[in-house]
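**Q**
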Amino acid sequence: MRDEGALLQRVPFQVPEFVQEAADPPGPGSCRRRGLRAAAALGRGEPAGCTVCGWGCATMARSLLHQYWDLPEGTECHRKAYASTSVGGAAGLIVSAYSIALKPPASFLEGVARTGRYTFTAAAIGAIFGLTTCVSAQVRGKPDDPLNYLIGGCAGGLTLGARAHSYGIGVAACAYMGLTAALVKMGQLEGWEVFAEPKV
0 MRDEGALLQR
10 VPFQVPEFVQ
20 EAADPPGPGS
30 CRRRGLRAAA
40 ALGRGEPAGC
50 TVCGWGCATM
60 ARSLLHQYWD
70 LPEGTECHRK
80 AYASTSVGGA
90 AGLIVSAYSI
100 ALKPPASFLE
110 GVARTGRYTF
120 TAAAIGAIFG
130 LTTCVSAQVR
140 GKPDDPLNYL
150 IGGCAGGLTL
160 GARAHSYGIG
170 VAACAYMGLT
180 AALVKMGQLE
190 GWEVFAEPKV
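0 is the number of the first residue of the sequence shown in our numbering; add one for each residue after it.
Shown next as structure tokens:
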């Protein structure tokens, strides 16, 4: 049986399995194998650990999303902001993992820079969204109004525009993210089903 670590050192950037680590069955060594793939995708020869794996970020994002919804609207803005920032950061990590796997960086530093760029931008958008939504609910005195989410989503979109140094991106992201957030809130209030149960 070939040594996977040695193989990854010889071919440091051809690691398409990095985006398929969730299919790696649990068991002894599975965490190390995922770490080796992640390390190779970043141009390293040693394991990077399981914390950079996409499945861990996705699980954390789902947990924090539940934590966000469990908090009453318009209360404990610091906890709301923490949850939304963490969800955004986890989403940024997942996107950066796919980006590194599909378009390998030329060097380790370039991979780190790209990961940080995606992660911190997404975390900033999440923080602005969480704070704006919560403050809007407090100021307006209407905690369950979808308009709060429209305002928060628009603020997050403007943050993306500022990061991209583009008015066009800011306006488009404001509209799309605001409407999406408002529709998500309306769906939560009215019990919409994304995938309806089949009627027999």
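For every residue, glycine included, the Cβ atom is placed at its ideal position computed from N, Cα and C.
Since this is a predicted model, take the numbers as computed values, not measurements.
Buried or exposed: where does Gly73 fall if 16 or more other Cβ atoms within 10 Å of its Cβ makes it buried?
**A** The sequence position of residue 73 within the sequence shown is 74, counting from 1. Buried.
**Q** Among Thr84, Glu75, Cys76, His77, which residue has its Cα nearest to the Cα of Ser62?
**A** Here residue 62 refers to the residue found at position 63 when the sequence shown is read from its first residue. Cα-wise, what sits closest to Ser62 is Thr84.
**Q** Under 8 angstroms: do the segment 132–140 and the segment 110–119 share three or more Cβ pairs, one atom per stretch?
**A** Result no; under three Cβ-Cβ pairs closer than 8 angstroms.
**Q** Would you mind stating whether Pro145 and Met176 have Cβ atoms separated by less than 9 angstroms?
**A** Position 146 of the sequence shown, counted from the start, is the residue given in the question as residue 145. Position 177 of the sequence shown, counted from the start, is the residue given in the question as residue 176. No, the pair does not count as a contact, with Cβ atoms beyond the cut-off.
**Q** Closer than 8 angstroms by C-beta to Thr50: which residues in its own chain qualify, once you throw out the five before and the five after it? Chain order, please.
**A** Position 51 of the sequence shown, counted from the first residue, corresponds to residue 50. Because Thr50 sits at a pLDDT of 42, beneath the cut-off of 50, its placement in the model cannot be relied upon, and the point is left open.
**Q** What is the C-beta distance between Leu178 and Leu149, in whole angstroms, given that I count them as a contact (C-beta under 8 angstroms)?
**A** In the sequence shown, counting from the first residue as 1, residue 178 sits at position 179. In the sequence shown, counting from the first residue as 1, residue 149 sits at position 150. With a Cβ gap of about 7 angstroms, Leu178 and Leu149 count as contacting.
**Q** Just to confirm the assignment, what range does the alpha helix (DSSP H) spanning Pro145 have?
**A** As a working note, residue 145 is residue 146 in the sequence shown. First-last of the alpha helix (DSSP H) with Pro145: 145–163.
**Q** May I ask which residues mark the beginning and end of the alpha helix (DSSP H) holding Gly177?
**A** Numbered from its first residue, the sequence shown carries residue 177 at position 178. From DSSP, the alpha helix (DSSP H) with Gly177 extends over 166–189.
**Q** Among the candidates Val138, Arg113, Ile93, whose CA atom is the shortest distance from the CA of Cys76?
**A** Reading the sequence shown from its first residue, position 77 is the one you call residue 76. The candidate whose alpha carbon is nearest that of Cys76 is Val138.
**Q** Are Val86 and Tyr67 touching if we call contact CB-CB under 9 angstroms?
**A** Translated into the one-based positions of the sequence shown, residue 86 becomes position 87. Translated into the one-based positions of the sequence shown, residue 67 becomes position 68. Cβ atoms of Val86 and Tyr67: closer than 9 angstroms.
**Q** Considering only C-alpha positions, which residue in the set Glu189, Thr158, Val183 is nearest to Ala172?
**A** Taking the first residue of the sequence shown as position 1, residue 172 is located at position 173. Checking every option, the nearest Cα to that of Ala172 belongs to Thr158.
**Q** Given a threshold of 16 other Cβ atoms within 10 Å of its Cβ, counted over all protein chains shown, does Ala90 qualify as buried or as exposed?
**A** Translated into the one-based positions of the sequence shown, residue 90 becomes position 91. It counts as buried.
**Q** Between which two residues does the alpha helix (DSSP H) containing Lys141 stretch?
**A** Position 142 of the sequence shown holds residue 141. Looking at the DSSP string, Lys141 is not in any alpha helix (DSSP H), and its letter there is neither H nor E.
**Q** Give me the Cα-Cα distance between Ala82 and Ala121, rounded to the nearest whole angstrom.
**A** As a first step, residue 82 must be located in the sequence shown, where it is residue number 83. As a first step, residue 121 must be located in the sequence shown, where it is residue number 122. Each residue's alpha carbon lies about 13 angstroms from the other.
**Q** Report back the beta-carbon spacing between Ala126 and Ala80 to the nearest angstrom; my notes put them in contact at under 8 angstroms.
**A** Counting from 1 along the sequence shown, the entry for residue 126 is found at position 127. Counting from 1 along the sequence shown, the entry for residue 80 is found at position 81. Indeed, because the Cβ distance is near 6 angstroms, the residues count as touching under 8 angstroms.
**Q** Output needed for Gly169: all residues of its chain with C-beta closer than 6 angstroms, excluding positions within five of it in sequence on either side, in chain order.
**A** Taking the first residue of the sequence shown as position 1, residue 169 is located at position 170. Result list for Gly169: Leu157, Gly160, in chain order.
**Q** Terminal residues of the continuous alpha helix (DSSP H) containing Lys102?
**A** As a first step, residue 102 must be located in the sequence shown, where it is residue number 103. It is not in any alpha helix (DSSP H) - Lys102 carries neither H nor E in the DSSP assignment.
**Q** Could you give the DSSP three-state label for Gly73: helix, strand or coil?
**A** Residue mapping note: residue 73 aligns to position 74 of the sequence shown, counting from 1. Three-state DSSP puts Gly73 in coil, outside helix and strand.
**Q** Just to confirm, are Ala180 and Gly155 a CB contact at a threshold of 9 angstroms?
**A** For the purposes of this step, residue 180 is taken as residue 181 along the sequence shown, with counting starting at 1. For the purposes of this step, residue 155 is taken as residue 156 along the sequence shown, with counting starting at 1. Against a cut-off of 9 angstroms, the Cβ pair of Gly155 and Ala180 comes out as a contact.
**Q** Less than 9 angstroms separating the beta-carbons of Gly151 and Gly167?
**A** The residue given as residue 151 occupies position 152 in the sequence shown. The residue given as residue 167 occupies position 168 in the sequence shown. Cβ distance not < 9 angstroms, so Gly151 and Gly167 don't count as in contact.
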